[in-house]
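Colleague:
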Amino acid sequence: MTIDLSALPKPTVIRELDYEAIVERQKQAFLAKWADAQLLYPDLPTYSVEMLDSDTFAIDNQAESTREMLLRAEINDTFRSTFLYYAKRGNLDHLAASVPVLRMPGEDDDRFLVRILLGIMGHSTAGPKERYQFLAMSADLRVKWAEPYRIGRSPVIYIAIFSTEANGVASAGLLNTVRAAVTLPSAQVMNDTIVVQPAIQKVANLAADIWLLPDADEATVARAISNLRAAWATEQGLGRDLVVEWWVSKLMIAGVHKVAPTTLADVVAQPTEAISIGAIDLTVKGRAY
2 MTIDLSALPK PTVIRELDYE AIVERQKQAF LAKWADAQLL YPDLPTYSVE MLDSDTFAID
62 NQAESTREML LRAEINDTFR STFLYYAKRG NLDHLAASVP VLRMPGEDDD RFLVRILLGI
122 MGHSTAGPKE RYQFLAMSAD LRVKWAEPYR IGRSPVIYIA IFSTEANGVA SAGLLNTVRA
182 AVTLPSAQVM NDTIVVQPAI QKVANLAADI WLLPDADEAT VARAISNLRA AWATEQGLGR
242 DLVVEWWVSK LMIAGVHKVA PTTLADVVAQ PTEAISIGAI DLTVKGRAY
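Sequential numbering of the sequence shown, starting at 2, is according to this note's numbering.
#1: Grab me the residues of Asp210's own chain with a C-beta within less than 7 angstroms of its C-beta, minus the 5 sequence neighbours each way, in chain order.
#2: Please state the DSSP three-state secondary structure of Thr184.
#3: Considering only the beta carbon of each residue, do Ala97 and Arg104 sit closer than 8 angstroms?
#4: Indicate whether Ala270 and Ile276 have their beta-carbon atoms separated by less than 8 angstroms.
#5: Can you find the residues in the same chain that come closer than 8 angstroms, C-beta to C-beta, to Thr178, ignoring five residues on each side of it along the sequence?
#6: How far does the beta strand (DSSP E) with Ile84 in it reach, from first residue to last?
#7: How should Tyr150 be labelled, buried or exposed, when 16 other C-beta atoms within 10 angstroms of its C-beta is the threshold for buried?
#8: Starting from Thr258 and walking both ways along the beta strand (DSSP E), at which residues does that stretch end?
#9: Determine, using beta carbons only, whether Ile281 and Leu239 come nearer to each other than 8 angstroms.
#10: Buried or exposed, going by whether 16 or more other CB atoms sit within 10 Å of the CB of Gln134?
#11: Does the region 33-52 come into contact with the region 73-89, if we say contact requires no fewer than three beta-carbon pairs (one atom in each stretch) closer than 8 angstroms?
#12: If you measure between the beta carbons of Leu252 and Val268, is that distance less than 8 angstroms?
#13: Output the residue ranges of the alpha helix (DSSP H) runs that lie fully inside the region 135-177 and measure 4 residues or longer, sorted by chain position.
#14: In terms of alpha-carbon separation, which member of Gly169, Leu175 and Thr194 lies closest to Ile201?
#15: Are there 16 or more other CB atoms within 10 angstroms of the CB of Lys145, so buried, or fewer, so exposed?
#16: Can you have a look at Glu246 and say buried or exposed, based on whether 16 or more other CB atoms are within 10 angstroms of its CB?
#17: Can you tell me where the alpha helix (DSSP H) with Arg16 in it begins and where it stops?
#18: Measuring straight from C-alpha to C-alpha, what distance separates Thr67 and Glu25?
#19: How would you call Ala36, buried or exposed, if buried means at least 16 neighbouring beta carbons within 10 angstroms?
#20: With DSSP as the reference, please indicate the residues paired to Arg241 in a beta bridge.
#21: Helix, strand or coil, according to DSSP, for Glu108 in the structure here?
#22: Figure out for me which residue from Phe163, Ala181 and Pro156 has the closest Cα to the Cα of Arg143.
#23: If you compare alpha carbons, which of Asp110, Glu65, Lys203 and Met122 is closest to Arg241?
#24: Per DSSP, Trp212 is paired with what?
#25: Beta-carbon within less than 6 angstroms of Tyr159's beta-carbon, same chain only, minus the 5 sequence neighbours each way: which residues are those?
#26: With 16 other CB atoms within 10 Å as the buried threshold, where does Glu274 fall?
#27: Which residues does DSSP pair with Ala275 in a beta bridge?
#28: Taking DSSP as the reference, what is the three-state secondary structure of Val249?
Rendered as structure tokens:
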């Protein structure tokens, strides 16, 4: 598990932006200068900046306050780019170079950030879990996640590979690529015996009763099933449980009135398991509002 950067406190260098506070500050500064001018020129009238929106100072104040807001926002963005959580694109590449970790061709920021954190946490050559995760994910872009583990007190290290390929199942070619990467003399600890294998697949068959709205067409059921499968294809991962409330919510598309699951238990995945959805059996019970 990598560090959750989003859970860290916001950097104190980032300042909150408050347009109204800027307007008020500049208004008070103007009033102070006007009061000083009145001491020199007693004939000057009392000036109210709140008379009309068309007042010259009010217009200038709004324009200057907007410019200051934009400048502060730009400064904030510049500071943010010096932190891993906020850095994007080239800024992230430069921060990663100090680890050092280089972006793989075609790698997006999210995956690259995960590898950077794994590279930092697994920097020791003594074989921590994060080191093998880093090596596996650096071997091929098709590696979505890797989970090293041992069985009992056995010295053998198993590395379960979850891929971006169909249903997360790693192909033989991908396994060979990862195996070559983690067993290089520069990567493998001398006493480690490593077995690279696909993540264990657990198939979950789901069933539910479904009620449609009166004007829904019959294809609504098929669309609901497709929506659930597409959502799980995005969310599926090693150790990710398939929770009843989650999959029921994905069936609640336009045209569906209610879904009552008849598969009532959550499907729990171990850290080395990936759950695949098998059959989805929806029984239409009628129509209602």
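Note that the Cβ used here is the ideal one computed from N, Cα and C, for glycine as well.
Modeller: Judging by the given coordinates:
#1: The residue you call residue 210 lines up with position 209 of the sequence shown. Hits under 7 angstroms: Ala261, Thr263, Thr284 and Lys286.
#2: By 1-based counting over the sequence shown, the position of residue 184 is 183. In this structure, Thr184 counts as coil in the three-state DSSP scheme.
#3: Here residue 97 is taken as the residue at index 96 of the sequence shown, counted from 1. Here residue 104 is taken as the residue at index 103 of the sequence shown, counted from 1. Cβ distance < 8 angstroms, so Ala97 and Arg104 count as in contact.
#4: In the sequence shown, residue 270 corresponds to position 269, counting from 1. In the sequence shown, residue 276 corresponds to position 275, counting from 1. Yes, Cβ-Cβ distance for Ala270 and Ile276 is below 8 angstroms.
#5: What you label residue 178 is simply residue 177 of the sequence shown in a count that begins at 1. Closer than 8 angstroms at the Cβ level, and outside the excluded window around Thr178, lie Ala140 and Asp141.
#6: In the sequence shown, residue 84 corresponds to position 83, counting from 1. This sequence places Phe at residue 84; Ile is not what is there. Phe84 -> no beta strand (DSSP E), and no H or E assigned at all.
#7: Within the sequence shown, numbered from 1, the residue matching residue 150 stands at position 149. Classification for Tyr150: exposed.
#8: Counted from its first residue, the sequence shown places residue 258 at position 257. Sequence check: residue 258 is His here, not Thr. Start and end: Val257 to Pro262.
#9: The residue labelled residue 281 in the question sits at position 280 within the sequence shown. The residue labelled residue 239 in the question sits at position 238 within the sequence shown. Cβ atoms of Ile281 and Leu239: not closer than 8 angstroms.
#10: The residue labelled residue 134 in the question sits at position 133 within the sequence shown. Buried, by the Cβ-count rule.
#11: no
#12: Along the sequence shown, read from residue 1 onward, the residue named residue 252 stands at position 251. Along the sequence shown, read from residue 1 onward, the residue named residue 268 stands at position 267. In this structure, Val268 does not lie closer than 8 angstroms to Leu252 by Cβ.
#13: none
#14: To locate residue 201, count along the sequence shown from 1; it is residue 200. If we check each option's Cα against that of Ile201, Gly169 comes out closest.
#15: Residue numbering aside, residue 145 sits at position 144 when the sequence shown is read from its first letter. Buried, by the Cβ-count rule.
#16: Locating residue 246 in the sequence shown gives position 245, counting from the first residue. With fewer than 16 other Cβ atoms within 10 Å, it is exposed.
#17: Within the sequence shown, numbered from 1, the residue matching residue 16 stands at position 15. Arg16 -> no alpha helix (DSSP H), and no H or E assigned at all.
#18: For the purposes of this step, residue 67 is taken as the residue at position 66 of the sequence shown. For the purposes of this step, residue 25 is taken as the residue at position 24 of the sequence shown. Looking at the two C-alpha atoms, the distance is approximately 13 angstroms.
#19: The residue given as residue 36 occupies position 35 in the sequence shown. Exposed, by the Cβ-count rule.
#20: On the sequence shown, position 240 is the one that residue 241 refers to. Looking at the DSSP assignment, Arg241 forms no beta bridge with any residue, so it has no partner.
#21: Indexing the sequence shown from 1 puts residue 108 at position 107. Three-state result, Glu108: coil.
#22: On the sequence shown, residue 143 is found 142 positions in, with the first residue counted as 1. Ranking Phe163, Ala181 and Pro156 by Cα distance to Arg143 puts Phe163 first.
#23: Along the sequence shown, one-based indexing puts residue 241 at 240. Looking at the Cα atoms, Lys203 is the closest of the given residues.
#24: Mapped onto the sequence shown, residue 212 falls at position 211. DSSP output for Trp212 lists Lys259 and Gly287 as bridge partner(s).
#25: Here residue 159 corresponds to residue number 158 of the sequence shown, with the count starting at 1. Around Tyr159: Tyr150 and Val196.
#26: Here residue 274 refers to the residue found at position 273 of the sequence shown. Buried: at least 16 other Cβ atoms inside 10 Å.
#27: Position 274 of the sequence shown, counted from the first residue, corresponds to residue 275. Partner(s): Gln202.
#28: Within the sequence shown, numbered from 1, the residue matching residue 249 stands at position 248. DSSP places Val249 in helix when its eight states are reduced to three.
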